[in-house]
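Written out as structure tokens, the structure reads:
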């Protein structure tokens with residue numbers, strides 16, 4: 001079935017992704033590995049479609065949250081890429097990771113013990129990354145458990161290879177967390193030196209997400225884990241402004257973002273109706289016409305990720321113009337006011353996120369109206385919306 005025959009579909013721009021990766025690699029510098037973070041269904045872009053696309057654009061290392069995401073990514077990989085699980089790995093999934101040479105984080109002793117057990121049973125070696133607790137207090141090996149972990153590793157060098165040592169910063173995207181980040185960096189450095197004194201050597205160090213990599217150059221180390229930025233979004237407005245303030249040669253320069261959004265979400269008009277003045281439109285009495293209006297139905301609703309709290313608030317693009325959502329957003333449908341769209345007709349393209357002619361609707365506009373983060377809006381896009389690659 002043609003993706004454009006679905007109620008909506010998502011386009012991913014290959015040229016935009018190439019530009020983003022080129023910019024990010026130039027920013028982080030030579031000799032630093034870029035790991036593409038594809039958790040949350042590649043931030044809503046779709047692991048199935050995004051992984052082979054990213055590989056064509058020069059990416060050969062991917063980070064996921066769970067084993068299920070890793071399995072999907074490995075399945076759709078078209079090259080000899082490497083994969084790393086940063087979070088959830090059920091004990092029953094450890095053998096699969098070892099067999100498929102998928103790296104994974106070790107963040108507690110129980111997980112390490114089970115890894116050694118399965119590696120021994122398979123007569124294979126597991127490649128792991130030790131996640132260190134540096135002050136986020138979420139998970140990670142702390143000063144009490146790290147010595148025990150080192151002892152187990154040194155007793156089982158034929159079963160465990162420490163490929164990397166890592167941590168995660170608690171809010172690098174905001175200056176309000178500056179002191180906390182500085183303390184984490186010091187703690188991480190101290191722990192890495194301690195590991196080296198204990199004869200744990202030749203590991204890659206990585207700690208930077210998109211925000212840390214863009215704001216704190218010293219956090220780039222051997223590898224950076226880039227999520228939201230590769231898709232064309234700044235982690236926060238604060239990160240974006242930090243970049244421009246640091247890189248603009250003069251204040252009169254035009255602030256053109258080096259990051260290009262790769263996602264466009266489109267649908268179509270499925271019905272048109274003339275409604276007279278003084279009529280309620282849709283469920284209940286949320287919207288009342290004040291004059292004769294032309295109302296279009298769009299087969300996209302809150303099931304598809306268009307939030308219900310955008311009722312009477314949301315905007316979409318039709319015929320190169322911004323049009324308003326009217327009435328209550330339904331599960332599978334919403335209504336828009338197309339009275340001022342000349343020659344509007346059934347089947348006309350509707351852009352929900354992206355550009356149409358000279359206008360655009362960004363994920364940020366959704367965030368502002370719904371109080372969701374960019375991340376939330378993107379990851380709420382259902383997996384069954386078809387993703388297709390363009391240009």
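Residue numbers (my numbering): 1 to 391. Cβ atoms here follow ideal geometry from the backbone N, Cα and C, with glycine treated the same way.
Could you tell me the distance, in whole angstroms, from the CA atom of residue i to the CA atom of residue j?
{"i": "residue 116", "j": "residue 314", "result": "53 angstroms"}
{"i": "residue 13", "j": "residue 82", "result": "23 angstroms"}
{"i": "residue 15", "j": "residue 99", "result": "35 angstroms"}
{"i": "residue 272", "j": "residue 171", "result": "47 angstroms"}
{"i": "residue 222", "j": "residue 191", "result": "16 angstroms"}
{"i": "residue 291", "j": "residue 346", "result": "22 angstroms"}
{"i": "residue 248", "j": "residue 256", "result": "10 angstroms"}
{"i": "residue 229", "j": "residue 373", "result": "14 angstroms"}
{"i": "residue 386", "j": "residue 263", "result": "12 angstroms"}
{"i": "residue 236", "j": "residue 211", "result": "8 angstroms"}
{"i": "residue 193", "j": "residue 309", "result": "51 angstroms"}
{"i": "residue 289", "j": "residue 80", "result": "58 angstroms"}
{"i": "residue 31", "j": "residue 220", "result": "10 angstroms"}
{"i": "residue 66", "j": "residue 89", "result": "6 angstroms"}
{"i": "residue 378", "j": "residue 158", "result": "42 angstroms"}
{"i": "residue 388", "j": "residue 178", "result": "40 angstroms"}
{"i": "residue 186", "j": "residue 140", "result": "16 angstroms"}
{"i": "residue 351", "j": "residue 124", "result": "51 angstroms"}
{"i": "residue 382", "j": "residue 353", "result": "14 angstroms"}
{"i": "residue 3", "j": "residue 358", "result": "25 angstroms"}
{"i": "residue 244", "j": "residue 150", "result": "43 angstroms"}
{"i": "residue 275", "j": "residue 76", "result": "48 angstroms"}
Relative to the C-alpha of residue i, which candidate in the options has its C-alpha closest?
{"i": "residue 114", "options": "19, 133, 152, 348", "result": "152"}
{"i": "residue 312", "options": "319, 332, 303, 282", "result": "282"}
{"i": "residue 108", "options": "304, 132, 120, 63", "result": "132"}
{"i": "residue 342", "options": "262, 326, 322", "result": "322"}
{"i": "residue 225", "options": "33, 29, 359", "result": "33"}
{"i": "residue 302", "options": "247, 380, 80, 326", "result": "380"}
{"i": "residue 103", "options": "3, 211, 72, 161", "result": "161"}
{"i": "residue 305", "options": "275, 279, 265, 327", "result": "265"}
{"i": "residue 287", "options": "329, 166, 159", "result": "329"}
{"i": "residue 68", "options": "87, 60, 80, 229", "result": "87"}
{"i": "residue 444", "options": "348, 184, 390", "result": "The shown model of the chain, from 1 to 391, leaves out residue 444, and the question about it has no answer."}
{"i": "residue 246", "options": "274, 217, 59", "result": "217"}
{"i": "residue 22", "options": "363, 91, 231", "result": "231"}
{"i": "residue 112", "options": "137, 138, 147, 136", "result": "147"}
{"i": "residue 138", "options": "124, 169, 128", "result": "169"}
{"i": "residue 164", "options": "144, 174, 195, 173", "result": "195"}
{"i": "residue 110", "options": "145, 279, 11, 356", "result": "145"}
{"i": "residue 174", "options": "209, 261, 327, 284", "result": "209"}
{"i": "residue 205", "options": "361, 154, 130", "result": "130"}
{"i": "residue 203", "options": "391, 362, 128, 60", "result": "128"}
{"i": "residue 361", "options": "213, 106, 324, 227", "result": "324"}
What residue does the alpha helix (DSSP H) around residue i start on, and which one ends it?
{"i": "residue 65", "result": "Here residue 65 belongs to no alpha helix (DSSP H), and DSSP marks it neither H nor E."}
{"i": "residue 136", "result": "Run containing residue 136: none; DSSP gives neither H nor E here."}
{"i": "residue 46", "result": "Where residue 46 is concerned, there is no enclosing alpha helix (DSSP H), given that its DSSP letter is neither H nor E."}
Apart from the five residues on each side of it in sequence, which residues of its chain come closer than 8 angstroms, Cβ to Cβ, to residue i?
{"i": "residue 299", "result": "7, 8, 267, 268, 270, 332, 333"}
{"i": "residue 394", "result": "Past the edges of the chain, shown from 1 to 391, lies residue 394, and the structure says nothing about it."}
{"i": "residue 156", "result": "116, 119, 120"}
{"i": "residue 252", "result": "Because the pLDDT at residue 252 is just 48, under 50, the model does not fix this residue reliably, and the value given afterwards should be weighed accordingly. Cβ within range, chain order: n/a, list empty."}
{"i": "residue 136", "result": "167, 168, 169, 170, 184"}
Residues in its own chain within less than 7 angstroms of residue i by CB, not counting five upstream and five downstream?
{"i": "residue 234", "result": "240, 259"}
{"i": "residue 78", "result": "52, 55"}
{"i": "residue 18", "result": "57"}
{"i": "residue 188", "result": "132, 134, 167, 207"}
{"i": "residue 42", "result": "50"}
{"i": "residue 348", "result": "268, 269, 318, 319"}
{"i": "residue 238", "result": "173, 174, 175"}
Which residues in the same chain as residue i place their Cβ atom closer than 6 angstroms to its Cβ, once the five residues preceding and following it in sequence are excluded?
{"i": "residue 242", "result": "215"}
{"i": "residue 70", "result": "64, 83, 85, 102"}
{"i": "residue 47", "result": "38, 41, 72, 73"}
{"i": "residue 327", "result": "281, 282, 286, 287, 335"}
{"i": "residue 181", "result": "169, 172"}
Within the continuous beta strand (DSSP E) that includes residue i, where are the two ends?
{"i": "residue 105", "result": "103-106"}
{"i": "residue 129", "result": "126-131"}
{"i": "residue 182", "result": "No beta strand (DSSP E) holds residue 182; the alpha helix (DSSP H) holding it covers 178-197."}
{"i": "residue 268", "result": "263-268"}
{"i": "residue 322", "result": "321-326"}
{"i": "residue 230", "result": "No beta strand (DSSP E) contains residue 230, which DSSP labels as neither H nor E."}
{"i": "residue 84", "result": "82-85"}
{"i": "residue 13", "result": "9-13"}
{"i": "residue 206", "result": "204-208"}
{"i": "residue 350", "result": "349-356"}
{"i": "residue 274", "result": "271-275"}
For chain D, find out if any of its Cβ atoms is closer than 8 angstroms to the Cβ of residue i; answer yes or no.
{"i": "residue 379", "result": "No chain D appears in the structure shown, which is made up of a single protein chain."}
Give a single yes or no on whether residue i has its beta carbon closer than 7 angstroms to a heavy atom of the ligand ZN.
{"i": "residue 120", "result": "Looking at this structure, you won't find the ligand ZN or any other ligand, since it has none at all."}
Count the C-beta pairs between the segment 290-302 and the segment 333-342 that are closer than 8 angstroms, then say yes if the count reaches three, no if not.
Flag = yes, the segment 290-302 and the segment 333-342 touch.
Just checking, does the segment 20-35 make contact with the segment 190-202 on the three C-beta pairs under 8 angstroms criterion?
Too few Cβ pairs lie closer than 8 angstroms, so no.
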